[in-house]
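Shown next, in structure tokens, is the structure this report addresses.
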Amino acid sequence: MSQLSRRTLLKASGIAAGMSSLTLDSTVVAKKSYKPELSLNMSTIMGQKLGYIKEIEIAAAAGFRSCEIWMPTLEAYLKTGGTLKDARNRADDLGMKIQNCIGFAQWIVDDEKVRAQGLEQMKREMDMLAQLGCPRTAAPPMGATKEAGLDLHKAAERYRVILELGAQMGVKPILEMWGHSKNLSKVSEVLFVAAEAGHPDARLLLDVFHIYKGESSVDALHVVGPDAVEVFHVNDYVKSIAPGQITDGDRIYAGDGEAPIAQILKTLQPEVISLELFNKTLYTQDPLIVAKNGLAKMQRILL
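Taking the working numbering, the leading residue of the sequence shown gets 1, the next gets one more, and so forth.
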């Protein structure tokens, strides 16, 4: 160390500082160039009872190129004579990518019989989604929402089971947080379950509304890894309705309320942001206008 000259040390420090500056600049550029895929969750126009194919057509006509479907709507379409092949072809013709499916299999519950039925349901649904070309399915804490006390270590084991099933079938189950649930209502809880599952496909499905409803801190979202959230649900709320009183029906267009959406997106930078609303007022309106307005407001947030 004594043989290093002052000039050598200063030169090395200068290089290090330059490299640090370059790294910082690259990070800033990456954030400025963040351009997620904009998606429509079909819950937003579900109240108009359009049916599976019409929902896809409305989303495409509004300008979306990605969407999230709901399993009950898909199953209703199939029961009336529709086919998975026709459904996939119609989406392909419209240039629509089905990013995720909202399903409700009870894969996480303590009751072994019910959980086994949930796994069979998820297997059946994954098979359908694979045929549709849908790469993901939501995995919420269905059936474990009313009573607290779910062992998160067991939840992690059960999540790993469906992750392994998904790896076999080509459909990734993404762990969904529900702010109204007695279990997995906070970012810290789903983050633990996903990490403890110890599987490379583990991902989180977070939501502006559920972050508020479950009272998770937005300032703690930086601990969620950069690849942990592929699909993120956007919506908005007003703070005059407290977390304990707010309901799904109180969700409003992204950008029309007081949620720190820009901060959340800057922190998480998900690949896909999907508009998920359950607003009864919007259900009385023309679904095409609802979808167009939703897309325009999402684009405004990203400016």
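Glycine included, each C-beta is placed from N, C-alpha and C at the ideal position.
Own chain residues within Cβ distance below 7 Å of residue i, not counting five before or after
{"i": "Gly47", "result": "Lys280, Tyr283"}
{"i": "Phe192", "result": "Leu152"}
{"i": "Ile98", "result": "Cys67, Ile69, Ala91, Leu132, Gly133, Cys134"}
{"i": "Glu147", "result": "Lys182"}
{"i": "Pro243", "result": "Tyr212, Lys213, Glu215"}
{"i": "Leu163", "result": "Pro173, Ala197, His199, Asp201, Ala202"}
{"i": "Ala130", "result": "Met169, Gly170, Val171"}
{"i": "Pro287", "result": "Ile45, Gln48, Leu50, Ile58"}
Residues bridged to residue i [DSSP beta-bridge criterion]
{"i": "Leu205", "result": "Glu176"}
{"i": "Cys101", "result": "Ile69, Thr137"}
{"i": "His233", "result": "Asp207, Ser274"}
Residue from the options with nearest C-alpha to residue i
{"i": "Glu57", "options": "Ala195, Arg300, Ala296, Lys292", "result": "Lys292"}
{"i": "Phe209", "options": "Ala138, Met169, Asn89, Leu275", "result": "Leu275"}
{"i": "Lys123", "options": "Phe104, Asp111, Val109", "result": "Phe104"}
{"i": "Ile174", "options": "Ala148, Asp227, Gln131", "result": "Asp227"}
{"i": "Glu189", "options": "Pro141, Lys79, Val234, Met169", "result": "Pro141"}
{"i": "Cys354", "options": "Leu268, Arg251, Val231", "result": "No statement about residue 354 is possible, as the shown extent of the chain runs from 1 to 303 and does not include it."}
{"i": "Lys54", "options": "Ser181, Lys213, Tyr77, Ala144", "result": "Tyr77"}
{"i": "Met96", "options": "Gly63, Glu120, Lys79", "result": "Gly63"}
{"i": "Thr137", "options": "Ile301, Trp107, Asp286", "result": "Trp107"}
{"i": "Tyr159", "options": "Thr145, Thr83, Thr73, Arg115", "result": "Arg115"}
{"i": "Asp308", "options": "Arg65, Cys101, Asp110, Thr73", "result": "The structure shown has nothing for residue 308, since the chain only spans 1 to 303."}
{"i": "Lys85", "options": "Ala195, Pro270, Leu204, Met128", "result": "Met128"}
{"i": "Gly118", "options": "Gly149, Thr80, Gly81, Val161", "result": "Val161"}
{"i": "Asn100", "options": "Ser33, Gly294, Asn41", "result": "Asn41"}
{"i": "Gly51", "options": "Ala61, Ser33, Leu74", "result": "Leu74"}
{"i": "Gly194", "options": "Val229, His180, Gln299, Ala156", "result": "Looking at the sequence shown, residue 194 is not Gly but Ala. Among Val229, His180, Gln299, Ala156, the Cα nearest to that of Ala194 is on Ala156."}
{"i": "Tyr34", "options": "Leu295, Gly294, Thr267, Pro287", "result": "Thr267"}
{"i": "Gly166", "options": "Ala139, Lys154, Ser185, Gly179", "result": "Ala139"}
Nonlocal neighbours in the same chain, by C-beta distance under 8 Å from residue i, ignoring five residues either side
{"i": "Asp256", "result": "Asp236, Lys297"}
{"i": "Ile246", "result": "Phe209, Tyr212, Lys213, Tyr237"}
{"i": "Glu304", "result": "Any answer about residue 304 is impossible in this case: the structure gives the chain only from 1 up to 303."}
{"i": "Ile261", "result": "Val208, Val234, Asp236, Ala254, Gly255, Ile301"}
Three-state secondary structure (DSSP) of residue i
{"i": "Ser274", "result": "strand"}
{"i": "Leu38", "result": "strand"}
{"i": "Ile252", "result": "strand"}
{"i": "Lys186", "result": "coil"}
{"i": "Asn279", "result": "coil"}
{"i": "Thr145", "result": "coil"}
{"i": "Phe192", "result": "helix"}
{"i": "Thr44", "result": "helix"}
{"i": "Lys54", "result": "helix"}
{"i": "Thr83", "result": "coil"}
{"i": "Met122", "result": "helix"}
{"i": "Ile246", "result": "coil"}
{"i": "His222", "result": "helix"}
{"i": "Ser21", "result": "Residue placement at Ser21 cannot be trusted, given a pLDDT of 39 that sits under 50; what the coordinates show is reported in the next sentence. Helix."}
{"i": "Pro260", "result": "coil"}
{"i": "His153", "result": "helix"}
{"i": "Ile162", "result": "helix"}
{"i": "Gln299", "result": "helix"}
{"i": "Asp93", "result": "helix"}
{"i": "Ala291", "result": "helix"}
{"i": "Val114", "result": "helix"}
{"i": "Asp127", "result": "helix"}
{"i": "Gln269", "result": "coil"}
Integer Cβ distance of residue i from residue j, believed to fall under 8 Å
{"i": "Leu221", "j": "Met177", "result": "With a Cβ gap of about 12 Å, Leu221 and Met177 do not count as contacting."}
{"i": "Glu125", "j": "Val272", "result": "Rounded, the Cβ-Cβ distance is 20 Å, inconsistent with contact."}
{"i": "Val354", "j": "Gln263", "result": "The displayed coordinates of the chain run from 1 to 303. Any statement about residue 354 would go beyond what the structure contains."}
{"i": "Thr44", "j": "Leu277", "result": "4 Å"}
{"i": "Asp250", "j": "Ile241", "result": "6 Å"}
heavy atom of the ligand MG below 6 Å from residue i C-beta
{"i": "Tyr212", "result": "Only the bare structure without any ligand can be found here, which leaves the ligand MG out of the picture."}
Other residues of its chain near residue i: CB distance less than 6 Å, five sequence neighbours each side excluded
{"i": "Ala144", "result": "Ile108, Val109, Leu150, Asn183"}
{"i": "Val187", "result": "Ser216"}
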